[in-house]
Structures are given as C-alpha cells and as structure tokens.
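Throughout the sequence shown, residue numbering follows mature numbering (1 follows the signal peptide of the UniProt record, and there is no 0), covering -24 to -1, 1 to 1094 in sequence.
Heads up, the beta-carbon is just placed ideally off N, CA and C, and yes, glycines get one too.
One structure below.
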Amino acid sequence: MLCKHPFLLAASLLILLYLSGCQHEQRAVVNKNALFQLVPSEQSHVTFRNDFQEDELTNVLVYEYTYNGGGVALGDVNNDGLDDIYFTANKGSNKLYLNKGNLRFEDATDVAGVALPKGWKTGVTIVDLNADGRLDFYVCRSGDLPGKLRQNQLFLNLGPDTQGVPHFREQAAACGLADSAYSTQAVFFDYDKDQDLDMLLLNHSPRRFENLDEFYIKQLMRTPDALTGLKLYRNEGSRQGLPQFREVATAAGLLNTRLSFALGASVADLNNDGWPDIYLSSDYLAPDYLYLNNHDGTFTDQLGSQMGHTSLSSMGNDAADLNNDGYADVCTLDMLPEDNRRQKLLFASDNYELFRIRDEAGLHKQYMRNMLHLNNGNGTFSEIGQLAGISNTDWSWAPLLADYDNDGWKDLFITNGFLHDYTNLDFLKYMGDFLHDRQGDVQRKNLLDLVRKMPSSNVMGYAFRNKGNATFANVSADWGITEPANSNGAAYADLDNDGDLDVVVNNLNGEAFLYRNTAEKRLKNRGLSVRLEGLGANRLGIGAKVLLYSNGLTQTQEQLVGRGYESSVSPVLHFGLGQQRQADSVRVAWPSGRQQVVRAVAAGKLLVLREAEAQKPMASAPTKASLPAFAAVASPITAVAEENNVNDFKRQPLLVNSLSYSGPCLVQADVNGDGRQDMFMGGASGHASRLFVQQATGQFTELPQPALEADYLQEDTDAAFLDADHDGDLDLYVASGGYDNFLPGDALLQDRLYLNDGRGNFSKSPAGSLPAMPTSTACVRVADVNGDSAPDLFVGGRVTPGRYPEPPTSYLLLNDGHGHFRDQTANLAPALRQLGMITDAAWVDLNQDQRPDLVTVGEWLPVQVWLNQNGRLTDQTATYLPGKLSGWWNKLLVTDLNKDNKPDLVIGNMGLNTQCRANAQQPAELHYKDFDDNGAIDPILCMYLQGKSYPFVSRDELLDQLSMTRSRFPNYKSYADAQLTDIFKPDELKGTNVLRANHLQTSCLLSTPQARYRLASLPPEAQYTPIFALTTLDYNHDGNPDLLLGGNATHSRIRFGNNDAGYGLLLRGNGRGGFTTVPQRQSGLRVQGDVRSFAQLGKVLVVGRNNQPLQAYALQSP
C-alpha cells in the first residue's frame, strides 16, 4: 500500500496523517448518456458515510492503515428477491440498507442489530454459514485497540420479522471465529471438498519493517505470529446447530508469518483441476502467494515457478476468466499514477540494492504497478498489465472483474484514492528534515503541524472495457466514473433486477456511491442471472463453476462472493449475452462433482440451478487426448550458458535497457565432414565458447578447442561458419561484443577468425587476417558481396561500452579468397559505418538480380534496406518498405511466409507490454550528449504521456548525473511538469543528438507483387514480451510455414520492470502470411527465462537461455 522511501526509515513510526474536516465534495459534470449513472442519495436514501476525525488515538502514528477504508457486501438478506447493501465503517456504525425496489433503500441497521459501533471495522463477507437459507455477515476488525475490540464478529441471520426486516445474532465466539488478530478480510470456501465452508482469514502487521537485510527478512518469514499471520479455519462440523471451526493454516501448508500485510485474496480453481486455489496479495515488501491445492487438505506456494513478478504494494485482487478461454486470470492493484506529474511527485528513484536483497531473500521481484496475470493453462501466467492498458491507475484498492456492458466479456472497475499524498517526495523530505532538526523530541501535538504540510489530491476511479483480446479501453469518462473521491471497498449486483450490474462503493469521508447501470436500456445488450442452490452446508454453491455457451463464446464463472477489496459481491452470478436473445446452454459443475446442463435459456431471466436436480457425471468412454505440438525432452547438448552478474545501470544510470545479457548464440554447421550438424555456443566474458559435435545417436559431445579457451575473456555475441580460406572446410568467425566492464576501443572487443583443420579442430588465423575492429559487435552475416566466389562479411556494431547510445562502428569486410579480410566500409557502404546500434542483419536478394542485398535492424534504428549495386550498398529503404519503422529491434528472420517465392521479414521488437508508448505522431525519443562537459554521455529518454513528451528520468536521477540542474529544480514540485526544454537552456541543447522510435511492435513485412513490402499484423501474444529469437517450421505438416518466437528481458530498469511474459510462442501460419496463436497448453512450450537463440536439429528444438541450461523440445507426431 504505502510506498517505501529509505530516508524515512528511522522516522516511520513518527508519521501522522491529518484530516481537517470532511472532504470537499465537488460534483463532476453529469454525463446523462454514460453507462453508469450516479444515483443521488436523496433518491436512493443510501446516506452512508465512512467518516472519522483523526485524534491522538486515531492516526497513522498508532495505526498505519488508518486510510484503508471499509468494505461493502451485497446480497438478499430478507429473501425478497432484491439484493440489499451492508457497509462497514471504520469508526462509526456499520449500515444495513434494505432494497425496496427501483434503487430505493431503507436503513434497517438498528432493528437488524448489525451496527457494531465499537472497534475499527474493515472487511465484510456475506455467507450462509449455518446453511439455513439466510445470508449472514462476517465482519473483520483491526486497529490499535485492545484485543477484545479487535475480535471479528459473525452475525447470523435469524430471518425477517413481520415487516420484512431481518434480525441478526452475533455468534463468532460460539463458532470459534472470534479472532482478535489485525484482520482485513475473510473468505469462505470449501478447501478440502468435504461439503462445508471453511474460512481463510487475512491479517496484517500493525507496524512496518524497514532497513531489513536478507538475514532479518528470512528470520521474519520463519516467525509465526497469531495476531498478524495468515489463518485458515477448518469447518469441523456443527454442534447445536452452529458450525465449529479450528485453525489449521500451518498444517495446511499456508505460511503464518510476522512479515504479513495481506490485503486481498481470490479463491478460484486456477489450474482447472476441480479444487480451489488461493491468490493472496500483500502490501509493503511482503510477497504475494499463489497457493495451489494439493487435494489432501494442504497447499503449496507455486508463485515463484508460475509467475515472473508481482505488484510491489499489492492491494485488492480479483480472479476471473478475462479472455473466455476457460482459465481464471488474476488482477492485482498497486499505486502507480497514470499522469507524469504525479509519477514525478510520488515515485522514488530505483534502488537496485534493496531490490536485490528482497529478491534474494525470497520476496520475489516486485514492481509498483497493477498486474494482470493471464493464465496460460499450463502452470504459467503471463503478466500483461501494461499491454492490457490497466497498469497505471494511481492509489487503487478494489478491482472488480465483471461484464458491465453485457457484451460477453468481463470488464474492470477500479476504486481509487487516498486522503493525502502520503508519498509526496517534497513532503517526505520536509518531514525528514523536521524530525532531524528535533533530534527525536517530537510530541503528538507537533505532528499535527507537520502533517498539515502534506498535500492532498482528488482522484477518480477507473472503468476499463474488455476489447475481447485481453486488452482494455479506458472508458471511465464514457461510463460515468468521473466523481473525485477516496474510494475503497466496492461490490456489484443487479440491484434493480433490470439485467445489468450496478456498483456500490464505500468512500472514506464521503458519501457512498451507488451507480445505476444502463447497459440493458442504452446498449440493448441483454443479461442472464444465475442463482445457485447447493446441498448440505454449502447452500450458495461456493466453488461451483458455471459455463455459459452463446454465439460461439464460452463464458466461465466461479461462485465466489469475496472479491476485490474488503467486500462481497452478490451471490447471484451475471452473464452478458450481447444482442443474443438466449444462451445456447448453461452448464454447472458443483464442488460435489454433480453436473447439470440447461439448454436454450432465455435472456433477461433469473435461472435457478439446484444441486439436488444435478446428476453425477456419467462415465464416458475414454478418449485419446490430443498431444501438444512439443514435448519437453532432455537436451542433446548438456551445457549451461553461464553469464556474469553485472548491473549496467550502475555504469550508466540513465541507460534505457540493459546491454550485457545477449547470449548465448547457437550456430550450426558440419565442422568435421561427417554429414551431421554440430553446434557452436557463444560464451560470456570469463566463460569460453564451446563446440559440440553430433554423434550418430543424435547426442552431442564437446570437442575441446584450446584456441577458443585462450580467448575466454572475450564476450562472444555471434558467430558464422564459412570457408574463409577456400580449402573445402568450414572456418569460424566469432563476433566479440558485450557491455559489462569493457572500455571503448578495448582490445577484448576484437573479432576473431579461427581456421578449421578439416576435422573440427580450430586454430586462430594469422595476424592480419582481420582489420583492427575494437568494437562491441552484435552480428556477423556472410555473403559474396562482390561476386568473386569468396565469402564476405557484414559485421554490425552493437554499442560503445560506457557511452551508450553513441553509434559504434559497423564493418563491410571483403575476402581476398585466402582468408584475409579488408575493411571496405568507407568505399562501398559509408552510410553503414556509423549507422547506429545494430542488433541484427541479413543478406537477401530483394530485387532478384542474383546479388545479395542487406537488411539491417537495431535499437533506435529503422528497418533499412541496402541494395547491392555492383558491390556498393545504397539505402533503398523508401523503395521497399512502408515508411520509416524505427524501433528497439532485436532479431531479424528472413523466410517466405506467403508462399510467393519471395523473401518476407519477421522482426523481433520490444513489444507493447511496457510503460513506453510510441507511434509516428508521438515517438519515444533519446536525447544525448555530454551535457555537463565531464566526458560522459548523458542519455535522456523522453516519452509521451497524455499528449506531452516528458523526460523519463526522475529528479533525483537527473540531479545525480547533472549537478548543474540542482539549482534549477530545488524541489520535486518544480520538476514535476518539466519537459526537456525546461531542463536545459537553448544553448545547452545545441549539438544534442536525437534518436527516435515510432514502432515497438514485433512485426511481419510481407512481399507484394509490386515489389514492395506491406506491414502485416501478428497476434497480440507476439507483443507480450521483447523477442530475441525467431525461427520458422511446419509443426502441423500442413505445408504452411509457422513461426516460433522467444524472448524476455529480466535485467531491466526497476521502473520498467522485467519482461517475462513469454514462454515460447508458436504461431500457426495460413500460408498467406496470416498467423494465429497456438495456446501454451496446446503448443507444449514452457520456456522460462531469457531466450536468446533457437536451433533446430531435426524434430528437436534446442533453446538457448541466458545464464541457464540449454533446453530442448521435440515435435510430436500429430
């Protein structure tokens, strides 16, 4: 929840947030055509306010979670067919509003007996715990209060009186659930499938832990705590009509630890094995957990093996099937602002050392932004929140995934807000100075003066419409979410029974929101409601899975009422049908194993499904499961692509991306003339490259190469086999590159040529075989450029170490036919020499004149075509390509995808799952020069946010690198709106070099009959992660070329975060240049890590991963 700032550690217990009076309620302009209409309290009679006044006992000095707000539960508590509303108040009385129809409500709190005026109330869960057909409430409490006032409360519903008002009796102690921990929320579910409801209790520490080293973190993680740790209460059966519970978290494999800040939990069958799993989101530095059910009453945390990273300060979460593939996805919220100003004011600089300590201590990689973990259905999740467009929503609490516009796809509603900008960097500096000056002599009365300096901001919630491809459109304004507030808990239900979902929001120091949904009326999209009636002690059918089939879509929902943050949604499930008048069928699978199907269900009705009418599934004849395309096999080459652990951002703090993790390259050739393909694997500096020869069995053994071992200090980024000396065998050219600790012009950057003795033994070529090439190179490509039958070379320069992004030197090397190469770049291709940071290239005859032409790609470079005109290479990009496609390109593949016998291009790029957005009108820009004349290059990345270009660099990073700017930006506020021209004076910008990128998508360029290329779209999954490896194949033997993509980048800037959403992507081709994604569970690929190369050995695919063993997959026969 709260951001972490190292310079506040000593003062973390001396922070007081102050609220003087109630929030000024400025009403937004009402959009009468919006999907959601805010119903005035004068009309609804819902006047609840979660108000409190801070005093010496109620502030964050004594309780960090003062501003976390309360929850809301929706459900029909008096069984009149209308869902009612129950709010929790932190300090005041909770409120129960009975639904009287047409969104009019009546306050029945006092008569019902559920006010609970004492204690600090947090989350609320609605449940029929004693299986009497009436909905009960379980209310959590916390706060800096005596244990008795923290005891959670269970209000059992006794039924309505003659006036229709239900009465409740508090029975927590009688059931063994009067827990006095610091509780956030409870979730009821049947984890052991014994047909009754158990309870997961989320708790949190009342204090933060700062300045933790790895040892202390591990010690805290091993220390259980009854007041702060996670708890699981097992239902032991009833006694005298009341269920009895026993705490079993540790025995069930759940970690009860002192380092606990649990704020949200989703229970869902995440691996489709029929058993409920748990995703737990945690605040501060505490890790999230992915507990998978072991079917024996225990769970195992699988987050580290199934998810690459999580939110940092995870708040609420929700689990639902967003892409209608039958698997539940997970959304978690954090606090990254959408706009530049608040990012600059509230977002501290990267702290790589702290990040490393937490990761190595087992807290996982955590980044401050919302996350959308897309379930791949094979035990992995791809985090695509940035690509999906939902990653930046400021200080957010409750995510609610539901179909609000009734189009058959689940949308996202987010609550947002915090009373004060607690993480405002100017305030934090002021507070640090204040505490330092007083040398610890701080009284509570002084703190009120301190916190009055803290700024406040009005923020609004968010609404995102699901576009049907796991991406979302921000429709907050169009849907009427325009009212500023500090909103916390929220829930949805069809409160007026008109066929769409309404939303209720609990606001802190403000009136609650009641949003009327008009989808049925305005959009003419129809809905279908489903109520479940279970057997035994699970009357709500919690854990049941309902599938709706309509118009070619399969929608899946699980019955779970505890969703979002501190709240419970209606137990009546809701499906959108779009314009369809009926669903083809509805199928329910009950936790007991019973199933039933109802066909031709009319829209607009309430469908009641009763477990008593369901049948045990009939045993069906065994069917042969379809095999995935690939199966993991033992690699025929046993090797680890070892890498050095370096932090490029310490050398150049303003780098855009890390540059030192480019290997391994895998290059094939028959080096010993036995007719079998052998393999070269490039090594990082300090790890010699290796050569493996293939045996008759298909396995590989290493053939020692003393010449390669002697050059072990060099970083081998690429290689090519060629008959350099025209003696009938294949020699080896090795490109030396890297960033690491190399110097510009370093002798270790010199490329090498090794000559083959014909038996696969290589020796270094004589001195003078290559010109001096002290350049960090990325690629080497072979072709006979001048038509003399001798192989020539293009060698692409990648980077000048320590001086990114200055253009390195690239080379066109001509062979004299005897293995001696001359640098002819200046004569034959002068524009290539300082072209820029080239990452890949390919020789290809584009104009069919039997001469090899050159295509180059690179970082901050366009895709460029260099036509071979009698041995001279000239830029003919405009003739062949559709515009200037400048990107952060990584890899180039030349192949024929549309079967026209002409070469097509597939180019791996950054992708779209990033904070960086770029197009022709709003490109990303990199301005660089030695701004302060200290001999170092200063690259300033600028990106567009909300229509304006701003520097990405934080104020602290800027001032650390350019001391001349210190006087220009005395505080964070002065920098928050600064553009490049505000940072530098006009004369300082003179001579600045500018690089631009306008296209970050991994792309396909298809040939056309007009001899030009057209840009063809690839599936969205191709943009999930940066692509560094490409190959073509025909996996399904249909005669059409398919594509295989690999990538990821897990050494990124912390503010960008790691890119790890790829697991090896298989795309099925249609023979015309079009592709569809083969889902991971069907492709069989589960390649984790940074993929840098593919090598095909018959039916076996070998995958080169940075700093990991080689991995192999075998194509299976269809």
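Residues of its chain near residue i, where Cβ-Cβ distance is below 8 Å and the 5 sequence neighbours each way are ignored
i     : result
Q1087 : A608, S611, V1063, V1078, V1079, R1081
F403  : D397, K429, M430, P431
N9    : R498
L134  : R110, P142, H143, F144, R145
D249  : N269, H271
T1052 : P995, L1043, R1044, N1046
D914  : L630, Y904, K905, D906, F907, D908, Q937, L938
Top-ranked residue by Cα proximity to residue i, from the options
i     : options                : result
Q824  : V562, N844, R735       : N844
A304  : V929, H702, Q319, S358 : S358
P604  : L130, G68, P1055       : P1055
G1074 : Q653, R944, L725       : Q653
N346  : G302, S258, L321, T356 : S258
P838  : D821, L857, R827       : L857
A615  : H340, S712, P1085      : P1085
K71   : I61, N78, G77          : I61
N442  : S433, S452, V435       : S452
L1071 : A1090, N885, D52       : Looking at the sequence itself, residue 1071 is Ala, so the reference to Leu does not match. Out of A1090, N885, D52, A1090 has the C-alpha closest to the C-alpha of A1071.
Cβ-Cβ distance between residue i and residue j below 9 Å
i    : j     : result
N485 : N501  : no
A973 : P1002 : no
Y468 : T369  : no
G99  : L178  : yes
L873 : P1017 : yes
S786 : F797  : no
M175 : Y255  : no
L74  : F81   : yes
T286 : G229  : no
Q171 : P567  : yes
G517 : S638  : no
Y926 : Q955  : yes
T233 : T276  : no
L524 : R563  : yes
F656 : Q644  : yes
D694 : A664  : no
S17  : L79   : no
R809 : A802  : yes
Residue burial classification, residue i (beta-carbon count within 10 angstroms, cutoff 16)
i            : result
S602         : exposed
residue 1096 : Only positions -24 to 1094 of the chain appear in this structure, which leaves residue 1096 out of reach.
M311         : buried
H412         : exposed
V584         : exposed
Q161         : buried
G(-4)        : Low confidence applies to G(-4): its pLDDT is 36, below 50, so where it sits in the model is not reliable, and the reading given next is rough at best. That one is exposed.
A202         : exposed
M940         : exposed
D387         : buried
S741         : buried
N316         : buried
Own chain residues within Cβ distance below 6 Å of residue i, not counting five before or after
i            : result
Q(-2)        : The predicted position of Q(-2) is uncertain, since its pLDDT is 38 and thus under 50; a value taken from the coordinates is nonetheless stated next. Answer for Q(-2): N485, G486, listed in chain order.
E223         : K207, Y209
residue 1110 : In the structure as shown, the chain starts at -24 and stops at 1094, and residue 1110 therefore has no counterpart that could be examined.
L246         : D253, A304
A337         : E190, I193, K194
Own chain residues within Cβ distance below 7 Å of residue i, not counting five before or after
i    : result
A723 : P750
Residue i Cβ short of 8 Å to the ligand FMN heavy atom set
i    : result
L725 : For the ligand FMN, the structure offers nothing, since it holds no ligand at all.
Chain B contact for residue i (CB, 9 Å cutoff)
i     : result
A1005 : Looking at the structure shown, chain B is missing, and only one protein chain is on hand.
**Report entry** Continuous beta strand (DSSP E) assignments of at least 3 residues falling wholly in the stretch 185 to 239
**Finding:** 207 to 215, 218 to 223
Requested in this report: Identify every run of the alpha helix (DSSP H) within the stretch 678 to 722, keeping only runs that are complete inside it and at least 4 residues long; order them along the chain.
Outcome: 682 to 686
**Report entry** Every unbroken beta strand (DSSP E) inside the stretch 622 to 677 [3 residues or more]
**Finding:** 642 to 645, 654 to 657, 666 to 670
Requested in this report: Go through the stretch 967 to 997 residue by residue and report every complete run of the beta strand (DSSP E) that reaches 3 residues or more, in order.
Outcome: 969 to 973, 979 to 983, 989 to 992
Query raised in the report: At which residue ranges does the stretch 311 to 357 contain complete alpha helix (DSSP H) runs of 4 or more residues, listed in the order of the chain?
Result: 316 to 322, 328 to 334
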